[in-house]
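These notes are about the structure you will find just below.
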Amino acid sequence: MWKVLIKSIREYKKPSLLAPAYVSLEVVIECIIPFITAQLVNQIKAGCGIEVILKYGLLLLVMASFSLTFGRLAGTACATASSGFARNLRKDMFYSIQSFSFENIDKFSSSSLVTRLTTDVTNVQHAYMMIIRTAIRSPLMLTFAIIMAFIMGGRLAFIFVVVIPVLGISLFFIIRKVFPIFKRVFRKYDALNSSIQENIQGIRVVKSFVREDYEKQKFNQAAEDVRLEFTRAEKILAFNGPIMQFCLYVNMVFILTLGSYTIITTQGLNFNVGQLSSLLVYGFQTLMSLMMLSMVFVMITIADESARRIVEVLSESSTLTNPERPVYEVKDGSIDFEGVSFRYSETAERMALQNIDLHIASGETIGILGGTGSSKSTLVQLIPRLYDATEGVVKVGGLDVRAYDIEALRNQVSMVLQNNLLFSGTIKENLAWGNPEATGDELREACRLAQADDFISQFPNGYDTRIEQGGTNVSGGQKQRLCIARALLKKPKILILDDSTSAVDTQTDANIRKALRAYIPDTTKIIIAQRVASVQDADRIILMDKGGIAAIGAHAELLQHNAIYREVYESQNKAGEKQ
Amino acid sequence: MRPMYKKGTVKRLLSMLFAFYPVALPLVLICIVFSAAVSAIPSIFMQNVIAVLEQNQGGDWATVGPQIFRLVAILACFYVLALISSFTYNRAMAVITQGSLKKMREKLFYKMESLPIRFFDTHPHGDIMSHYTNDIDTLRQLISQSLPQLLISGVTVLTLLSIMLYFSVWMALVVLCGVSFMLVVVKKIGGNSAKYFMRQQQALGKTEGYVQEMMNGQKVVKVFCHEEESKAGFDAVNDELFKDSEQAHTFANILAPILNNIGNLIYVTVAMAGGLFLLTKAQNLSLSGLGFSISIVVPFLNMTRQFSGNINQVSQQLNAVIMGLAGADRIFTLLDEASEEDNGLVTLVNAKEENGVLVECAEHTGLWAWKQPLREGGVRYTKLCGDVRLQEVDFAYEEGKPVLHDITLFAEPGQKVAFVGATGAGKTTITNLLNRFYDIADGKIRYDGININKIKKADLRRAIGMVLQDTNLFTGTVLDNIRYGNLKATDKACIAAAQLAGAHDFITRLPEGYQTMLLSNGSNLSQGQRQLLAIARAAVADPPVMILDEATSSIDTRTEAIVQRGMDALMKGRTVFVIAHRLSTVQNSDVIMVLEHGRIIERGSHQRLIEQQGKYYQLYTGAFELE
């Protein structure tokens, strides 16, 4: 798994390798410094001259400046490597997502993609920083400190052999015990947060049913649950510090007693006061490194889950690819479905579309009606090749859609999706999605057709009015009209409106259709709607049912021959009949 | 540079923590102080041990041994005490941290529930949410790690300083000089690091915002072949994030080695100074009156290391402290928001009729009355009927931008009033006013003849039911969601409500019927099914007045017919306000209000409005214009 991630290091390989190298050098020097200071202490004790002190002082100064330099270099390299790695990970993921087909997109929820791009990458970044710095530093430090302790202290250093396993094993058990609790509590924590989110979104419901107290009570319970679990985990973790201190203290007591004994009995020949003090320093360094090492393990385990989620995105490959020798020219707006069947995934039991044969001439206006789940949207999404047909062929301009360059095809088949969106930016910027080179006149022209020009001109800033994220500052109907204008700017050969006027009032809806008919007569228009009124003037109306075409024909024809159509029509125009 | 947190934040945060744990927290802090002080004491014993060794050079272990043992035994006792206090405070701190965080979350949530709708309409939901996630997380770090560490280091440093002065003022001064240099470095590099960490946080927020928008609109991106532009936009925010992150971590990473080696330098300087003092047999100045000797210089060196080590430790907490305080600041800002005000005195009570007079009673009778305290004393009971009147109501979300002008209308009990008009005409706004999500600027709204400003908000809202455009359901079973309308409703009553709404059929077809768990806002149900649940929920509440905001989102015609039937059933016998988005559903209303730019421009029954041949007629015929 980490193999996939490592590929994203790229230009940060150099700092990634330099960081551990610098760290190693830094550690070596850090371990020699106490050795030298011990000698200095002894020299002072022996009553050496000022020159000797100066000599040692100078030596230490040089060592410290080396240590400082390497420390700085290591820190900088490490920051660059880890931040850069994180940047590449985010970039690779985002680019990978951009290449996703609709089928790929359906697999991931958008909020999970956001978490993967932010929190998960941050986790991996921290783990990576730990790995190239602390994971190198701690074991090295541990080894060096032990070696130095043996050089300095001889037999006395055997206390380390006793103390280190005690600390190591205790840490191991603490982590093993705490980890499952943490895993569990993080799930509960997520649940708590999602219930808060629910409350924020549904605040109108909460308030209108006067359920504030009930919600507080619910929240209280969940929060208490989280608190209990976290407390349990942290109480176990609270052993960490005292155990570390215990080992340190045992070390101190042992070295002080036995050290004194050795000094006295050997007349300071085998062991002296300076060695004593530096042995204590090594003891501290050893135990500290062990502690850090345990933190690295915790970090890596936390990041492991994040890494898995990132790899999932990185290794997802698009299910749609451009043909080898693509066609860039779409001849006209004719559409043919030849024996088309489609299912959303290989494991899906039911075909979403079954054996569709349909021929639409260029310039025709087609209405599509049908209940939820009748696959209206599915049908039209095959035209700009948002999905590939499972069986059969979909042709645009007389040619299989799979023969076209995807971008060229989608530029000619303009589609207004059912759940359409505007992006934060000015109205002009949003419209430019349809055609970045559109002139002001073209923009206004498209907006006039979509019946959007009127309300845009009423905004104080007109076309420079800023749209907030998600288009929250325009009404649903205005949003739909802007989306239609955006699609029109492509000047497509085929225009598909997937239930794109549901929030627009009937008059405006009618105006839009009239404008489309008058100004872009050669464009093939496909209109999916709930209201019969929205499609009844189409050349032909397709009535869909359970993934098949139940009936097809002009309004009058269907009204006469098709019972379902008649029923729908009458239920929507009850009052109209009465008139 | 902009200050990263407000001035009083530290004090406010601390006093809040003390208020959470008025006894435990001070005790724990005392424990920490004790533990820290004890951990500095060994230096004294070091000095004693070495002094003993010095005096007995070439001595006999039989005579030296007991002296050493005695010292080490006392030292061990201190260690045991230190261990006990350290263990205690570590455990207690775990409890206090988590407890404080829970109380903090609770405060936030309680406050949030009390805020007016305006707050939610004017603050992005992601921002509100991040108080619970990011800000609380920074506080966790601050309380559980930074706070104890700062205290420990502070106490250790002070203890060490006094011991140093005890041994030798001159040597202590040398150490202090070095340490002040360290502090300058901390201020410079640490300040930079904190600055970039805050920037990193902002850049992260920006990246998150961009990603969120693009992920939500990914299908639109595909349809418009906008991938390259989308990538370019991402690269811009991502690169900025990288730069800030790199800077922040560079400063944070280099601080430790720099301080460490300044520590080394101080060590060397102290060693040299000590050596010099020893050699020159300089006059010592100390609190203890001890002269210079090797038994002072050696422990002094150790103390020097400890001293600079602690400064290093504190500096490592710097970022956490600043980010934590900034988080606390944001939390306090939310806690300081003004809650929804409620000056209502009129309440809703159960009532029964005795000899033609309304009397209050404790049991549920199905009959409700408004209980209105009178100025001259006593109370008046008014039967809850559902008579709603708006008189010359004006309203603006923002001052100077009126949305509704001079709205006057009457709805008698059982009547159905429909609002019709183009998007943005102010239809939905009226629903915000009836149950006082927003307060009107001018005019009066009366419910059963009582000014709604005088009614307690909770009771007013209980007397008005709502089915909103966007259906919000809650995590829980289907039954729980229906019961949301009336917590006391029996299972039978809930099922009856579901039957009335026409939801019973589809619910029984769900895998676990009424016990089916709904996931995140009922995403496992279709739009129409969710609306049916919302209708059932309102039916269980059984209020005399209902506001129905028709869904604009598309549901297929058959489901729509079922939803319509449910709505019709719900409307029976109630005063109803319908916000209509389709003209076909309003024709049987008692009165239709046609709104344009916040004014009622036409009113009357369907028949009358058609005859009038005005705006309504245009809208209405517009639907069939193409025939």
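Here the protein sequences come in this chain order: A and B.
For the numbering used here, count along the first sequence from 1 and bump the result up by 26.
For the numbering used here, count along the second sequence from 1 and bump the result up by 44.
Beta carbons are placed, not taken as given, at the ideal position from N, Cα and C, and that holds for glycine.
Here residue 279 of chain B really is in contact with residue 117 of chain A; their C-beta atoms are around 7 Å apart, less than 8 Å. Judged by beta-carbon spacing, residue 290 of chain A lies within the 8 Å limit of residue 108 of chain B, meaning their Cβ atoms are closer than that value. Straight-line measurement puts the Cα of residue 52 of chain B at about 40 Å from the Cα of residue 88 of chain B. With a 10 Å radius around the Cβ and a threshold of 16 neighbouring Cβ atoms, residue 255 of chain A comes out buried. Counting C-beta pairs closer than 8 Å gives three or more between the segment 390 to 402 of chain A and the segment 551 to 563 of chain A, which meets the contact rule. In this structure residue 62 of chain A is in contact with residue 86 of chain A, their Cβ atoms being roughly 6 Å apart against a cut-off of 8 Å. The beta-carbon distance between residue 210 of chain A and residue 142 of chain B, rounded to whole angstroms, is 15 Å. This is too long to meet the 8 Å contact definition. Residue range 635 to 640 is occupied by the beta strand (DSSP E) that includes residue 640 of chain B. Under the Cβ criterion of 8 Å, residue 68 of chain B is not counted among the residues facing chain A. Taking 8 Å as the CB threshold, residue 104 of chain A lines the interface with chain B. With a threshold of 8 Å between beta carbons, residue 441 of chain A makes contact with chain B.
By the 16-neighbour rule on beta-carbons within 10 angstroms, residue 460 of chain B is buried. A straight-line Cα-Cα distance of about 11 Å links residue 447 of chain A and residue 494 of chain A. Between residue 429 of chain A and residue 150 of chain A, the gap from beta carbon to beta carbon reaches 8 Å or more. By the C-beta criterion, the segment 313 to 323 of chain B is judged not to be in contact with the segment 121 to 132 of chain A, since fewer than 3 inter-stretch pairs fall below 8 Å. Looking at A/518, A/535, A/442, A/523, the one whose alpha-carbon comes closest to that of residue 263 of chain B is A/442.
Taking CB atoms only, residue 287 of chain A has a neighbour in chain B less than 8 Å away.
Taking one beta carbon from each stretch, the segment 367 to 374 of chain B and the segment 108 to 118 of chain B have fewer than 3 pairs nearer than 8 Å; the two do not touch. Checking the DSSP bridge columns, you'll see residue 441 of chain A partnered with A/522. Of the other Cβ atoms in all chains shown, 16 or more fall within 10 Å of the Cβ of residue 575 of chain A; this residue is therefore buried. Contacts with chain B at 8 Å (Cβ-Cβ) do not include residue 28 of chain A. In the DSSP assignment, residue 448 of chain A falls outside any beta strand (DSSP E) and carries neither an H nor an E. Contacts with chain A at 8 Å (Cβ-Cβ) do not include residue 214 of chain B. Close partners of residue 481 of chain B in chain A (Cβ separation under 9 Å): 230, 233, 234. In the DSSP secondary-structure assignment, residue 435 of chain B is bridged to B/488. In this model, residue 529 of chain A and residue 620 of chain B are separated by some 22 Å (Cα to Cα).
Contact of residue 477 of chain A with chain B is not assigned, every C-beta pair being separated by 8 Å or more. Assigned with DSSP and collapsed to three states, residue 459 of chain A falls in coil, not helix or strand. In the structure shown, residue 534 of chain B adopts coil according to DSSP, grouped into three states.
Contact annotation: residue 286 of chain B and residue 122 of chain A have beta-carbon atoms that are not nearer than 8 Å. Chain-ordered listing is empty here: chain A has no CB closer than 9 Å to the CB of residue 548 of chain B, the nearest sitting near 19 Å. Residue 155 of chain B has its alpha-carbon roughly 9 Å from the corresponding atom of residue 380 of chain B. Judged by DSSP in its simplified three-state form, residue 277 of chain B adopts helix. For residue 43 of chain A, the enclosing alpha helix (DSSP H) has its first and last residue at 39 to 71. The beta carbon of residue 284 of chain B is closer than 7 Å to those of 247 in its chain, skipping five residues each way along the sequence.
Note on geometry: alpha-carbon atoms of residue 451 of chain A and residue 458 of chain A lie some 11 Å from one another.
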